[in-house]
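Student: Sequential numbering from 0 applies to the sequence shown in numbering that gives the first Met the number 0.
Note that CB positions come from ideal geometry on N, CA and C, so glycine has one too.
Submitted below is the structure of interest, expressed as structure tokens.
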Amino acid sequence: MNYKAQRGTFDILPEEEGIWNKVQQTCFETARLFGYRYIETPIFEESGLFERTVGEDTDIVEKEMYSFDDKGGDNISLRPENTAGVCRAFIENGLHNTTLPSRLFYYGPMFRYERPQSGRYRQFHQFGIECIGDDSPDVDFEVIKIAWDILSNLNFNNVLLNVNSLGDSKDRFIYTEELKKYFSKYINDLPKVDKLRFERSPLRILDSKEDITIKISEEAPKTLDFISSESLGHHENLILNLEELRSHDKKFNYKINNRLVRGLDYYNKTVFEYTSDSLGPQGVLLGGGRYDPLIKILGGQDTPAVGFAMGIERVVNELKKNIDVEKNYVDAVIIVTDENLRIESVQIANNLRNSNIRTIIAPKKSIKAQMRFANNINSKSAVFIGKNELENQKLSVKLLQTKSEQFEIDIDDMNQLKKILNS
Ligand code: ATP
Ligand code: MG
């Protein structure tokens, strides 16, 4: 029986570790520069948490959740996203009693039962930011800027920020009525999925991936024409900040995207996405927005919040187009030229590792085969241990990647080798 990874899941292999680490580190370091702190919540939660926050009519809750009854009879879901979990943790751990806003970031696997395609998996990773407890557009900008700094630290060139404002829930009600009026004219042209959306959550028609719907939506009423003056002021303030950023960072660019409504129920006011020039889902690198009502919906005190979630696979896939995978992972292979010296070679390997030199002892084979091994794994050097070497208290070293230079070092001075390997 040959087992295979489940559809929509994949393995991260050793040579990809470097790129994954780089992305994760860039995310963490950038977030920390803005005073954000790490939070980790469990991978599974009571299903109700997601039904209540993400929304029962959303694709995520309707079709994509991995839900099951556990042995105690509780209905559990693997988290499809982490904002709900972070907000649950915020309330449960009394974080509203700490100095607000809480600036939090998370990283980890999420699970959605989706139709797998490029950039869409069933287990994927998100890095995310949540700033909880400040309703100012300045923190909307802060969160958007963190995302920009991460992408620009990773040398992304062609990304575009899309922004829109959904207003508050009252604005949304009025706007939804307008949308219904508009789409009712085209109801017979809409594909089945969007007819259903028309009945249940008309706003989400704008989020449709169907070509006909996208065409029809071009002339649809715009949220910005319907939001309250307070929401509009908030939006304009954010735009001022974005203009300022664009004026001194030539690589940054944004557009107001009237069709951007985002898939989840809990957003209000600012919503945004960063897109690359790749087509389809792969092109949407991250999405976020303000979700002021959420904490109260979950039984907490009324606490405004804003955040984003970045799809790590999508970022990694883009980077892979330009960065070679890391091939060098060993600095020294010990070639044991006298089989009686295996024990001594273990000790020498130890000394090398204590000097931070990544070391493997070659497999017990002929000297020629040991050398072949060192070359095949791209080791930076071969370190020879034999009777002569031990007698003279010297090690012969051969550099394998530069012009096969050969030299000797003192057996108790590994730093000598370290310096040469790093130069
Ligand atoms: P989409 O419109 O692509 O379905 P979404 O609205 O479902 O996206 P969010 O829930 O906002 O996405 O998730 C935030 C980010 O997480 C996305 O922008 C994307 O980068 C990533 N993401 C979402 N779903 C997946 C998935 N199935 N596989 C890989 N990454 C994903
Ligand atoms: Mg989705």
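Contact between the region 332-352 and the region 298-315: three or more CB pairs below 8 Å?
Tutor: Because the criterion of three Cβ pairs below 8 Å is not met, the region 332-352 and the region 298-315 do not touch.
Student: Terminal residues of the continuous beta strand (DSSP E) containing Phe-104?
Tutor: Within the sequence shown, the letter at position 105 stands for residue 104. 101-110 is the extent of the beta strand (DSSP E) around Phe-104.
Student: Taking 6 Å as the limit between beta carbons, can you name the residues of its chain near Ile-59, skipping five residues before and five after?
Tutor: Here residue 59 corresponds to residue number 60 of the sequence shown, with the count starting at 1. Here the set comprises Val-53, Pro-79.
Student: Taking all protein chains shown into account, do 16 or more other C-beta atoms lie within 10 angstroms of the C-beta of Leu-69, making it buried, or fewer, making it exposed?
Tutor: In the sequence shown, counting from the first residue as 1, residue 69 sits at position 70. Here residue 69 is Asp; the residue named in the question, Leu, does not match the sequence. Looking at its Cβ environment, which holds fewer than 16 other Cβ atoms inside 10 Å, Asp-69 is exposed.
Student: In the DSSP assignment, find the unbroken alpha helix (DSSP H) run with Leu-420 in it and report its ends.
Tutor: Position 421 of the sequence shown, counting from 1, holds the residue named residue 420. That run of the alpha helix (DSSP H) goes 413-421.
Student: Would Pro-100 pass as a contact of Asp-133 if the rule is Cβ separation under 8 Å?
Tutor: As a first step, residue 100 must be located in the sequence shown, where it is residue number 101. As a first step, residue 133 must be located in the sequence shown, where it is residue number 134. Contact flag set, yes.
Student: Between Pro-303 and the rest of its own chain, which residues show a CB-CB distance below 6 Å, the 5 nearest in sequence each way excluded?
Tutor: For this step, residue 303 is matched to residue 304 along the sequence shown. Closer than 6 Å at the Cβ level, and outside the excluded window around Pro-303, lie Asp-134, Asp-291.
Student: Between which two residues does the beta strand (DSSP E) holding Ile-75 run?
Tutor: Locating residue 75 in the sequence shown gives position 76, counting from the first residue. Residues 74-77.
Student: Sort out for me which residues DSSP pairs Asp-68 with in a bridge.
Tutor: Taking the first residue of the sequence shown as 1, we reach residue 68 at position 69. BP columns for Asp-68 point to Asn-74.
Student: Whose C-alpha, out of Thr-57, Pro-41, Glu-91, Tyr-105, is nearest the C-alpha of Arg-31?
Tutor: Here residue 31 refers to the residue found at position 32 when the sequence shown is read from its first residue. The candidate whose alpha carbon is nearest that of Arg-31 is Tyr-105.
Student: Would you report the Cα separation of Trp-147 and Phe-251, rounded to the nearest angstrom?
Tutor: The sequence position of residue 147 within the sequence shown is 148, counting from 1. The sequence position of residue 251 within the sequence shown is 252, counting from 1. One C-alpha to the other measures close to 8 Å.
Student: Given the structure, does Glu-312 come close to the ligand ATP, in the sense that its CB is under 7 Å from one of the ligand's heavy atoms?
Tutor: As a working mapping, residue 312 is identified with position 313 in the sequence shown. Indeed, a heavy atom of the ligand ATP lies less than 7 Å from the Cβ.
Student: So Asp-167 packs on Ser-227, CB below 8 Å; how close in whole Å?
Tutor: For the purposes of this step, residue 167 is identified with residue 168 of the sequence shown, where counting begins at 1. For the purposes of this step, residue 227 is identified with residue 228 of the sequence shown, where counting begins at 1. Asp-167 to Ser-227, Cβ: 6 Å. Contact.
Student: Using only CA atoms, which one of Leu-351, Lys-249, Gln-300, Ile-376 lies nearest to Gln-415?
Tutor: Walking along the sequence shown from the start, residue 415 turns up at place 416. Looking at the Cα atoms, Leu-351 is the closest of the given residues.
Student: For Gly-288, write down the residues that DSSP places opposite it in a beta bridge.
Tutor: Taking the sequence shown and counting its residues from 1, the one referred to as residue 288 is at position 289. Answer by DSSP bridge pairing, in chain order: Val-270, Gly-306.
Student: Could you please give the first and the last residue of the uninterrupted beta strand (DSSP E) stretch that includes His-124?
Tutor: Position 125 of the sequence shown, counted from the start, is the residue given in the question as residue 124. Its beta strand (DSSP E) spans residues 122-131.
Student: What residues are listed by DSSP as bridge partners for Asn-163?
Tutor: Position 164 of the sequence shown holds residue 163. DSSP output for Asn-163 lists Val-270 as bridge partner(s).
Student: Between Asn-387 and Ile-359, what straight-line distance do the alpha-carbon atoms span, to the nearest angstrom?
Tutor: By 1-based counting over the sequence shown, the position of residue 387 is 388. By 1-based counting over the sequence shown, the position of residue 359 is 360. If you take the alpha carbons of Asn-387 and Ile-359, they lie about 21 Å apart.
Student: Per the contact definition of three or more C-beta pairs closer than 8 Å, is the region 396-404 in contact with the region 367-383?
Tutor: Cβ pair count under 8 Å is three or more, so yes.
Student: Taking 7 Å as the cut-off, is the C-beta of Leu-318 nearer than that to any heavy atom in the ligand ATP?
Tutor: Start at 1 with the first residue of the sequence shown, and residue 318 comes out as number 319. For the ligand ATP, not one heavy atom lies less than 7 Å from the Cβ of Leu-318.
Student: Whose CA, out of Asp-73, Leu-48, Asp-210, lies closest to the CA of Gly-279?
Tutor: Here residue 279 corresponds to residue number 280 of the sequence shown, with the count starting at 1. The residue with the shortest Cα to Cα distance from Gly-279 is Asp-210.
Student: Given Tyr-266, which residues of its chain have a CB within under 7 Å of its CB, disregarding the five upstream and five downstream residues?
Tutor: For the purposes of this step, residue 266 is taken as the residue at position 267 of the sequence shown. Once the five neighbours on either side are set aside, the close Cβ partners of Tyr-266 are Leu-165, Gly-288, Arg-289, Tyr-290.
Student: Could you tell me how far apart the beta carbons of Val-270 and Leu-259 are, in whole angstroms, since I believe they sit closer than 8 Å?
Tutor: Stepping through the sequence shown from its first residue, residue 270 is reached at position 271. Stepping through the sequence shown from its first residue, residue 259 is reached at position 260. Confirmed, Cβ separation roughly 6 Å.
Student: Confirm the yes/no value for this check: CB of Ala-146, any heavy atom of the ligand ATP, distance under 7 Å.
Tutor: Residue 146 sits at position 147 when you count from the first residue of the sequence shown. Flag unset: Cβ of Ala-146 not near the ligand ATP.
Student: To the nearest angstrom, how far is the alpha carbon of Asn-81 from that of Lys-214?
Tutor: Against the sequence shown, residue 81 aligns to sequence position 82. Against the sequence shown, residue 214 aligns to sequence position 215. Spanning the two alpha carbons is a distance of roughly 33 Å.
Student: Per DSSP, Ser-395 is paired with what?
Tutor: In the sequence shown, residue 395 corresponds to position 396, counting from 1. Its beta-bridge partners are Phe-383, Glu-407.
Student: Just how far apart, CA to CA, sit Ile-11 and Asn-391?
Tutor: Here residue 11 refers to the residue found at position 12 when the sequence shown is read from its first residue. Here residue 391 refers to the residue found at position 392 when the sequence shown is read from its first residue. If you take the alpha carbons of Ile-11 and Asn-391, they lie about 45 Å apart.
Student: Can you look up Asn-300 in the DSSP assignment and give me helix, strand or coil?
Tutor: For the purposes of this step, residue 300 is identified with residue 301 of the sequence shown, where counting begins at 1. Here the sequence assigns Gln to residue 300, which means Asn is not the residue at that position. Three-state result, Gln-300: coil.
Student: Among the residues of its own chain, which have a CB less than 6 Å from the CB of Leu-394, if the five just before and after it don't count?
Tutor: As a working mapping, residue 394 is identified with position 395 in the sequence shown. Once the five neighbours on either side are set aside, the close Cβ partners of Leu-394 are Val-382, Glu-388, Ile-408, Ile-410.
Student: Give a yes or no on whether the C-beta atoms belonging to Gln-122 and Phe-110 are separated by under 8 Å.
Tutor: Residue mapping note: residue 122 aligns to position 123 of the sequence shown, counting from 1. Residue mapping note: residue 110 aligns to position 111 of the sequence shown, counting from 1. Their beta carbons are under 8 Å apart, which means Gln-122 touches Phe-110 by this criterion.
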